[in-house]
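Visitor:
Protein chains: 4
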Amino acid sequence: MRLVAGMVGGGPGAMIGSAHRHAMWLDNQYVLAAGVFGRDPEASANFAESLGVERVYGDYREMVEQEAGRLDVVAVVTPNDTHFEIAKAFLEAGIAVVCEKPLTNDSDTAAELVAVATANHTILAVPHIYSAYPMVRHAARMVRNGDLGRIRFVAAEHASGWASADVEQWRMDPARGGVATAVADVGTHAFHLLRYLTGLEATRVSAELSTLVPNRPVFDNATMRLTLSNGAPATVWATMAATGQEHGLRIRVFGDDASLEWHHEDPQHLTVRDPDGGATILAHGMNTLSDDSARLTRVGLGHPEGFLEAFANFYLDLADLLRGQPARELSIPTGVDGLIGVRFVEATLASQVNDAGWVDFPAE
Amino acid sequence: MRLVAGMVGGGPGAMIGSAHRHAMWLDNQYVLAAGVFGRDPEASANFAESLGVERVYGDYREMVEQEAGRLDVVAVVTPNDTHFEIAKAFLEAGIAVVCEKPLTNDSDTAAELVAVATANHTILAVPHIYSAYPMVRHAARMVRNGDLGRIRFVAAEHASGWASADVEQWRMDPARGGVATAVADVGTHAFHLLRYLTGLEATRVSAELSTLVPNRPVFDNATMRLTLSNGAPATVWATMAATGQEHGLRIRVFGDDASLEWHHEDPQHLTVRDPDGGATILAHGMNTLSDDSARLTRVGLGHPEGFLEAFANFYLDLADLLRGQPARELSIPTGVDGLIGVRFVEATLASQVNDAGWVDFPAE
Amino acid sequence: MRLVAGMVGGGPGAMIGSAHRHAMWLDNQYVLAAGVFGRDPEASANFAESLGVERVYGDYREMVEQEAGRLDVVAVVTPNDTHFEIAKAFLEAGIAVVCEKPLTNDSDTAAELVAVATANHTILAVPHIYSAYPMVRHAARMVRNGDLGRIRFVAAEHASGWASADVEQWRMDPARGGVATAVADVGTHAFHLLRYLTGLEATRVSAELSTLVPNRPVFDNATMRLTLSNGAPATVWATMAATGQEHGLRIRVFGDDASLEWHHEDPQHLTVRDPDGGATILAHGMNTLSDDSARLTRVGLGHPEGFLEAFANFYLDLADLLRGQPARELSIPTGVDGLIGVRFVEATLASQVNDAGWVDFPAE
Amino acid sequence: MRLVAGMVGGGPGAMIGSAHRHAMWLDNQYVLAAGVFGRDPEASANFAESLGVERVYGDYREMVEQEAGRLDVVAVVTPNDTHFEIAKAFLEAGIAVVCEKPLTNDSDTAAELVAVATANHTILAVPHIYSAYPMVRHAARMVRNGDLGRIRFVAAEHASGWASADVEQWRMDPARGGVATAVADVGTHAFHLLRYLTGLEATRVSAELSTLVPNRPVFDNATMRLTLSNGAPATVWATMAATGQEHGLRIRVFGDDASLEWHHEDPQHLTVRDPDGGATILAHGMNTLSDDSARLTRVGLGHPEGFLEAFANFYLDLADLLRGQPARELSIPTGVDGLIGVRFVEATLASQVNDAGWVDFPAE
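Protein chains in written order, with this note's numbering: chain Z, 5 to 368; chain X, 5 to 368; chain F, 5 to 368; chain V, 5 to 368.
#1: Determine whether the Cβ of residue 19 of chain F lies closer than 7 Å to any Cβ atom of chain V.
#2: Which residues in chain X have a C-beta closer than 9 Å to the C-beta of residue 48 of chain V? List them in chain order.
#3: Just the chain Z side, please: which residues come within less than 7 Å of residue 287 of chain X by C-beta, in chain order?
#4: Helix, strand or coil: how does DSSP classify residue 237 of chain X here?
#5: What are the boundary residues of the alpha helix (DSSP H) that residue 297 of chain Z is part of?
#6: Residues of chain X with CB under 9 Å from residue 305 of chain F, in chain order?
#7: Would you tell me roughly how many angstroms separate the C-alpha atoms of residue 226 of chain V and residue 184 of chain X, rounded to the nearest one?
#8: Would you verify that the beta carbon of residue 212 of chain Z is, or is not, closer than 7 Å to some beta carbon of chain X?
#9: Can a CB atom of chain X be found closer than 7 Å to the CB of residue 290 of chain F?
#10: Per DSSP, residue 364 of chain F is paired with what?
#11: Could you have a look at residue 217 of chain X and say whether DSSP puts it in helix, strand or coil?
#12: In angstroms, rounded to a whole number, what distance separates the CA positions of residue 214 of chain F and residue 26 of chain V?
#13: Taking only beta-carbon atoms, is residue 229 of chain F less than 7 Å away from chain Z?
#14: Listing by chain order, which chain C residues have their CB less than 9 Å from the CB of residue 194 of chain Z?
#15: Using only CA atoms, which one of V:8, V:345, V:360, V:355 lies nearest to residue 194 of chain V?
#16: For residue 262 of chain X, which of X:152, X:125, X:82 has the nearest alpha-carbon?
#17: Since residue 241 of chain X meets chain V, which of its residues come closer than 8 Å, beta carbon to beta carbon?
#18: Go through the stretch 115-155 of chain V residue by residue and report every complete run of the alpha helix (DSSP H) that reaches 4 residues or more, in order.
#19: Using a cut-off of 9 Å between C-beta atoms, extract the partners of residue 284 of chain X located in chain F.
#20: Chain V beta carbons: is any one of them nearer than 7 Å to that of residue 266 of chain F?
#21: What does a CB cutoff of less than 7 Å around residue 43 of chain Z pick up in its chain, not counting 5 residues either side in sequence?
#22: Pair every Cβ in the stretch 156-164 of chain Z with every Cβ in the stretch 62-74 of chain Z, then say whether three or more of these pairs are closer than 8 Å.
#23: Have a look at the DSSP bridge pairing and note the partners of residue 174 of chain F.
#24: Rounded to whole angstroms, what is the Cα-Cα separation between residue 146 of chain V and residue 84 of chain Z?
#25: Does any residue of chain Z bring its CB to less than 7 Å from the CB of residue 348 of chain F?
#26: Measure the Cβ-Cβ separation of residue 78 of chain F and residue 95 of chain F and say whether it is below 7 Å.
#27: Please decide whether residue 253 of chain V counts as near chain X, where near means a Cβ-Cβ distance under 7 Å.
#28: Going by Cα to Cα distance, which pick from F:337, F:108, F:350 is closest to residue 89 of chain F?
#29: Between residue 25 of chain V and chain X, is the shortest Cβ-Cβ distance under 7 Å, so that the two count as touching?
#30: Answer with buried or exposed for residue 327 of chain X, where buried requires no fewer than 16 other C-beta atoms within 10 angstroms of its C-beta.
#31: Inspect the beta-carbon positions of residue 34 of chain X and residue 65 of chain X and report whether they are closer than 7 Å.
#32: Please tell me whether residue 37 of chain V has its Cβ less than 7 Å away from any Cβ of chain X.
#33: Examine chain Z for any beta-carbon lying closer than 7 Å to the beta-carbon of residue 271 of chain X, and answer yes or no.
#34: Chain X partners of residue 311 of chain Z, CB-CB under 8 Å?
#35: Just grab the DSSP bridge partners of residue 335 of chain F for me.
#36: With a threshold of 7 Å between beta carbons, is residue 201 of chain V in contact with chain X?
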């Protein structure tokens with residue numbers, strides 16, 4: 005039986021809502037049955053019909069009321085400043101929530117969402133999708149297996165060019181998305197990937213936030229230093245103003261015995277480097293990969309699976325959780341990860357105020 | 005309204021059937037409603053249930069009988085030697101058919117399928133999926149726009165390593181898949197891609213077929229020379245025994261004014277080379293690409309779409325055709341393309357018998 | 005007539021001395037006529053004979069005394085802590101000096117060397133060789149031509165793996181090479197390359213120095229933030245403990261209108277990225293490159309020239325200067341560049357003491 | 005003591021003569037002492053002076069007469085149709101000859117040169133330089149070590165774009181360079197590389213020669229099939245009209261147990277592929293490479309050595325031979341290799357006449 009899903013946000017032209025829908029559909033494990041696709045009821049209804057979504061509502065409150073007991077999960081893909089109230093309402097109704105990142109615009113509300121999910125015995129998941137790529141899963145397994153030895157340094161970057169010129173969007177409005185846009189929009193992805201791959205947390209942060217595009221009212225660039233929980237230093241660079249770069253998510257993890265590199269422009273491969281300077285390139289679909297990676301292979305060696313397949317992997321893992329299976333060691337990010345991401349945004353702002361000085365990262 | 009689809013073949017473990025299903029599902033334009041998933045009725049029924057397919061049959065004849073008037077299209081994903089009778093039965097019932105390549109094992113039956121589809125005013129489509137990648141579409145548009153000038157040479161190869169050691173499979177059984185396995189299984193893809201990109205046909209062929217894996221009863225390697233319809237020479241190399249290569253589909257088209265290169269290991273990009281030695285790398289999702297490419301973009305720049313999205317592009321274009329829209333200039337391969345592919349296989353065998361001498365390619 | 009050169013240091017097994025010699029020889033513009041190749045006179049004499057060096061000395065003082073008026077230039081390729089006295093002696097004798105970086109271990113002595121060179125009307129050059137690669141020269145020309153628009157961000161790294169495990173060498177001895185080894189040994193190269201490409205200076209620095217290889221008595225890793233003279237932020241990462249990386253020098257310069265990337269693993273090419281996400285790859289030898297690059301082409305398109313050719317480019321430009329030609333706009337680094345490098349090392353140490361806080365970079 | 009070298013040809017603007025000179029100079033093992041640098045005596049003398057060449061002659065006959073007993077070796081870098089008489093004269097005078105490829109324009113004269121060298125107990129070497137790259141040497145060692153198992157297929161190509169438009173040059177004059185220019189100019193390099201890497205010979209050839217640039221009086225494109233001495237098939241593609249390609253020399257060798265790939269655009273690396281689809285990238289300078297490669301390392305890991313270093317490796321190996329050392333197993337190409345190259349050219353022409361049919365390759 006397919007799971008029954010809803011969506012709030014993601015109207016016509018909203019890329020991220022579209023990505024969630026393809027991800028739900030790809031494996032035929034979800035039926036998208038209900039939704040609110042924007043503030044204009046007629047446009048929302050027309051769009052729902054075009055999608056084959058049977059039940060459409062005027063706002064999320066009505067939807068919660070009508071869908072309690074009918075929906076297995078709802079995807080919240082609205083601007084950041086509305087996540088809290090919407091996600092909270094569904095969680096309180098016992099409906100699992102997939103909430104886009106950053107979870108909220110401040111850690112108090114993020115923590116409250118985590119608490120509400122727990123209190124209602126339901127799931128709050130946060131789609132840091134990159135951690136669902138098969139080769140990222142394999143990399144995380146390699147680190148946990150000790151193949152790299154002690155982790156000594158990590159360099160992560162999410163340096164996209166999508167907003168290297170002026171763009172009009174809620175993400176550039178401090179009131180909607182916060183002022184640390186680079187960190188909130190892309191930096192949290194890089195930071196989560198770092199945590200996911202290494203299994204390490206950050207204990208302190210130093211951040212220099214800056215604005216690369218003239219007159220932009222938010223910070224569109226951030227260079228961050230971290231100290232990790234094993235004492236190793238790390239850097240994270242986040243921007244959406246890296247002129248000409250495509251997506252720009254790339255991570256290198258250096259251990260005493262080997263290092264690895266993954267970048268999103270070629271997600272099918274993982275490069276492992278040995279101390280002698282030789283590199284091994286592992287490919288998705290090789291029959292020698294760990295099960296964490298192999299179980300997420302739809303086609304096979306040489307048949308690239310991309311962003312939507314990774315997104316669908318997230319929804320596959322979520323489906324297992326919704327059906328009551330225990331979480332795997334390498335599974336999907338949840339509300340706690342979302343909360344840590346919000347704290348990361350806040351820590352970078354605190355450091356920025358302090359002339360890029362060190363700020364302790366709040367302990368769990 | 006979603007289109008109603010069926011499938012014959014593609015039981016548990018069959019990769020290609022799985023690919024067709026994901027491709028149908030990804031955009032939620034098809035419901036897979038009926039099928040025969042193998043020769044064992046109980047296994048077929050269980051598998052259908054796991055897929056959410058409501059109507060399952062003991063064999064294709066029963067399915068044709070019951071589904072006439074109910075199905076919009078059926079995917080035939082059985083071994084080559086069964087394509088003819090199955091596809092013919094559905095076409096005669098007025099049901100559109102997506103038939104895996106090679107269409108059949110001889111050109112007479114392939115031509116008959118084309119004729120049957122025409123006579124029954126229905127569609128016969130052949131999933132040479134690589135032509136549905138956005139950057140392949142853009143490349144084909146560039147060639148048609150004259151950006152490369154006169155085409156002077158083409159080098160295509162599909163040199164995979166999937167069978168570089170012994171494998172047991174119907175493709176290695178001459179009685180099921182024919183003896184020219186390298187040509188039939190992968191060569192036809194490279195040949196179609198060459199035709200699709202250039203808009204040119206072959207007028208003659210020379211082929212050396214060989215067996216790279218000892219004791220294999222079929223030819224697993226083929227090097228082909230073509231003369232194209234504009235007089236230009238071309239080469240096609242096809243094998244599944246290229247030890248260590250992933251998928252190995254790669255094409256370079258050289259014109260008087262520029263050349264282009266595309267390879268399936270990185271399908272998101274297209275390299276265009278200028279006579280001065282500079283290269284431009286175009287990326288899927290750039291807002292400057294032709295509409296042939298842009299209309300097939302689900303996510304956007306920097307978000308890789310892979311094999312299943314290309315497969316889904318095929319099904320999207322097919323959906324337009326099934327709904328009565330006229331075919332675009334750059335659309336999907338049909339029965340005629342499948343027939344040309346079968347003639348290609350036959351021509352290579354004729355050349356092989358003739359010590360790799362030239363064989364005229366049959367005129368349309 | 006060939007120029008007459010000498011060398012101090014660079015005995016058997018010393019890689020950098022060997023590189024200087026090949027660079028002198030490649031274009032037949034220098035004869036290496038005199039030298040001190042280590043502290044053991046007999047070994048030095050034997051080595052000199054094997055090199056075809058006619059005049060060999062017991063120490064540099066003797067060499068200065070005997071060679072004044074005979075040598076055009078001497079290469080000083082000894083450990084850092086001896087640069088000052090040796091270079092000073094030759095400069096005072098009116099002999100031009102090529103002194104390895106870092107010029108000295110403190111900025112006072114470095115400034116003194118610059119002054120001594122000026123007072124003696126001779127040349128002090130510092131071999132930051134990477135700035136002599138043709139594609140780096142072309143990149144620098146593009147920036148000066150305004151092809152990138154205003155520079156908004158720079159990310160430079162020299163993250164090598166050459167010392168990712170224990171090594172015994174004077175560079176790991178704080179008394180010989182200083183404690184900030186990562187900055188002095190490789191960071192100064194990345195910093196110079198940044199300055200050379202952009203034409204910008206740093207106005208302040210923040211550095212976190214760390215030790216990645218356990219028990220190593222020097223800092224082998226450094227992450228640096230810079231503020232550039234146009235106000236743009238920049239980062240420099242320097243290490244020799246990046247497990248598995250080859251050489252790891254890579255720079256990306258982001259402008260308002262375009263960005264460019266060059267890395268030393270593939271020095272023949274320069275990638276230029278446009279805001280729409282397309283990339284152009286320029287190759288050494290293309291006939292459309294600037295003269296700054298073209299004049300340094302020995303073979304031609306498709307014939308890689310590597311590290312030694314870049315080194316030889318340095319010596320070619322030096323030969324022009326030694327022969328009295330005026331310096332080109334894009335020429336070789338001199339003592340002032342070496343001094344700025346030493347100040348960079350000092351600034352990172354000052355920042356490190358201050359918990360990675362900002363340190364103003366001394367004005368010229 | 006440096007070896008004493010001469011040169012015939014290679015006047016101002018002649019790229020290949022320049023490459024020979026840099027290669028002689030790089031390691032300071034040769035002094036270029038005598039030469040004829042073109043047909044104009046004054047220009048030749050001026051050029052010699054600019055090079056520091058002391059003895060310059062009006063023609064090669066005068067040079068032979070005067071230099072017998074003085075020269076260790078002469079480089080013949082004139083157009084193809086003059087190789088025979090020049091090389092023969094020096095060989096008969098007991099002077100070793102480095103003669104550019106193709107050795108001559110017909111196999112009879114090529115064989116005669118080989119015989120003359122033997123009769124005069126001197127060396128005739130042919131600069132197929134690509135076989136002197138360290139990673140090519142390592143690859144050849146791997147094949148000989150059996151690391152790839154039985155060789156099952158080879159795909160070699162030298163598809164350059166240097167003449168993708170009209171060029172005026174003796175190579176495009178059938179009377180000077182022969183009509184099979186693509187084979188003679190670049191195809192012989194690819195063919196030699198194939199032989200060098202695999203240790204196999206060709207037993208038969210089929211070739212289609214064609215002209216890609218309109219109105220060009222020579223064949224500028226050639227696609228060749230070979231049968232190798234172990235029975236394996238192979239292909240060689242040679243052209244100088246591959247619009248936009250840089251240099252385009254690339255080879256892939258497929259064995260039963262692994263495959264390897266090397267291409268000249270990145271000569272520092274060698275890719276080894278395993279049957280499971282994983283790839284290992286070996287880098288020049290790694291301390292785990294064979295001595296055949298390691299002994300040719302001037303700088304070290306991460307410091308690219310390019311075409312001139314490979315050329316200098318050729319001259320280093322030649323120096324060893326000139327000094328009477330026995331040839332290593334993996335050494336430089338000699339006259340016999342040059343002769344086989346000429347036979348290759350002839351075989352392709354014979355095949356072309358025979359409609360690209362098979363032509364037996366002459367046994368040694």
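Ideal placement from N, C-alpha and C gives every residue a C-beta, glycine not left out.
Guide: Reading from the atomic positions:
#1: yes
#2: Neighbours of residue 48 of chain V on chain X: none; closest Cβ ~32 Å, over 9 Å.
#3: 250
#4: strand
#5: 295-298
#6: 280, 281
#7: 26 Å
#8: no
#9: yes
#10: F:208
#11: coil
#12: 43 Å
#13: yes
#14: Annotation note: the requested chain C is absent from the structure, which comprises protein chains Z, X, F and V.
#15: V:345
#16: X:152
#17: 159, 239
#18: 138-149
#19: 282, 283, 284, 285
#20: no
#21: none
#22: no
#23: According to DSSP, residue 174 of chain F bridges with nothing at all.
#24: 57 Å
#25: no
#26: no
#27: no
#28: F:108
#29: no
#30: exposed
#31: no
#32: no
#33: yes
#34: 303, 307, 308, 309
#35: Answer by DSSP bridge pairing: none, since residue 335 of chain F is not bridged.
#36: no
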